[in-house]
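Taken in sequence, the protein lines are chains A and B. Each residue of the first sequence is one higher than the last, beginning at 168 in my numbering. Each residue of the second sequence is one higher than the last, beginning at 164 in my numbering. Below: the structure, in structure tokens.
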Amino acid sequence: RKEVEQDPGPFNVPEGATVAFNCTYSNSASQSFFWYRQDCRKEPKLLMSVYSSGNEDGRFTAQLNRASQYISLLIRDSKLSDSATYLCVVNYYGGATNKLIFGTGTLLAVQP
Amino acid sequence: SQTIHQWPATLVQPVGSPLSLECTVEGTSNPNLYWYRQAAGRGLQLLFYSVGIGQISSEVPQNLSASRPQDRQFILSSKKLLLSDSGFYLCAWTLLNGDSEAFFGQGTRLTVV
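What follows is the structure, given as structure tokens:
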């Protein structure tokens, strides 16, 4: 079983739609969580961190459920510029360990 | 401000040739350093990470190796490349605390022919 799993998509949605991405992780010792965005042939960039209380940044909302080991990202009012791959990231750290594990990514294509 | 440099941007190498990719970080001390590989259309696979000079953790058995000769320098090497080593190699760094986001270099696109 992969440490971090995502639905690879693609998700094809019209402009203005709401889309949700899910991610599960297998290691309950995971301590911090992030969503990254990766444009084609570019390096990933941080979209937002994910906190247990949930957090929102404009049209983006991230949530974490530690009991279910599940992370989500909701994008409201999708824009063409949201088209990209969205990567779920889990960090295990402590002592000599600091592993940053990426999911396989979910491809989003927003259509005009 | 902190920056990360990774080079070269593109590399075409024959099978069996050696490889050396270098990554350096500026503007911070004692970062955690990472090497990832991304095959075409796939996710990022963690290859190596390092929490300090000379401390290298390997995630996937393969013909690659990593070294950290200086605090802010991380090198990915191979003695003999395989076709399957082709991919997009990304170096990243984070602060020591686990809540830090990762900052990536611009990546090296390696094609083994």
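Note that beta-carbon positions come from the ideal geometry of N, C-alpha and C, so glycine has one too.
Return the residue from the list the options that minimises the CA-CA distance to residue i.
i: T271 of chain A; options: B:V178, B:R205, B:H168 and B:R235; result: B:R205
Check the Cβ of residue i against every Cβ in chain A and list those closer than 8 Å, keeping chain order.
i: N193 of chain B; result: The premise fails here: N193 of chain B is roughly 11 Å from chain A at the closest Cβ pair, so nothing lies under 8 Å.
i: Q233 of chain B; result: Going along chain A, no residue has its Cβ under 8 Å from Q233 of chain B, so there is no contact; the nearest lies around 18 Å.
Going by DSSP, what residues sit across from residue i in a beta bridge?
i: Y253 of chain A; result: A:R204 and A:T273
i: V180 of chain A; result: A:V277
i: T166 of chain B; result: B:E189
Taking C-beta pairs closer than 9 Å, name the residues in chain A that residue i reaches, listed in chain order.
i: R200 of chain B; result: The contacting residues do not exist; R200 of chain B stays about 11 Å from chain A at best.
i: L253 of chain B; result: E210 and P211
Along chain B, in chain order, which residues have C-beta atoms closer than 7 Å to that of residue i?
i: I268 of chain A; result: L209
i: T293 of chain A; result: This structure cannot settle anything about residue 293 of chain A, because the visible part of chain A is limited to 168 through 279.
Check the Cβ of residue i against every Cβ in chain B and list those closer than 9 Å, keeping chain order.
i: A263 of chain A; result: V214, G215, Q218 and S220
i: L254 of chain A; result: G206 and L207
Leaving aside the five residues before and after residue i along the sequence, list all residues of the same chain whose C-beta is less than 6 Å from its C-beta, in chain order.
i: F266 of chain B; result: I167 and W256
i: N222 of chain A; result: A229
Can you list, in chain order, the residues of its chain with a C-beta nearer than 7 Å to that of residue i? Leave out the 5 residues immediately preceding and following it.
i: P181 of chain A; result: Q278
Show which residues of chain B have a CB atom less than 8 Å away from the CB atom of residue i.
i: S216 of chain A; result: D262 and E264
Sorted by chain position, which residues of the same chain lie with C-beta nearer than 8 Å to residue i's C-beta, five sequence neighbours on each side aside?
i: G268 of chain B; result: I167, H168, Q169, C186, L253, C254 and A255
For residue i, which residues in chain A fall below 7 Å Cβ to Cβ?
i: Q269 of chain B; result: E210
Within the chosen definition, does the stretch 245–253 of chain A reach the stretch 244–259 of chain B through at least 3 CB pairs nearer than 8 Å?
Counting C-beta pairs with one atom in each stretch, the stretch 245–253 of chain A and the stretch 244–259 of chain B have fewer than three that are closer than 8 Å, which means they do not touch.
Cβ contact check for the stretch 248–257 of chain A and the stretch 202–209 of chain A: 3 or more pairs under 8 Å
Counting C-beta pairs closer than 8 Å gives three or more between the stretch 248–257 of chain A and the stretch 202–209 of chain A, which meets the contact rule.
Check whether the stretch 169–178 of chain A touches the stretch 258–270 of chain A, taking contact to mean three or more Cβ pairs, one atom from each stretch, closer than 8 Å.
Under the Cβ criterion (8 Å, minimum of three pairs), the stretch 169–178 of chain A counts as touching the stretch 258–270 of chain A.
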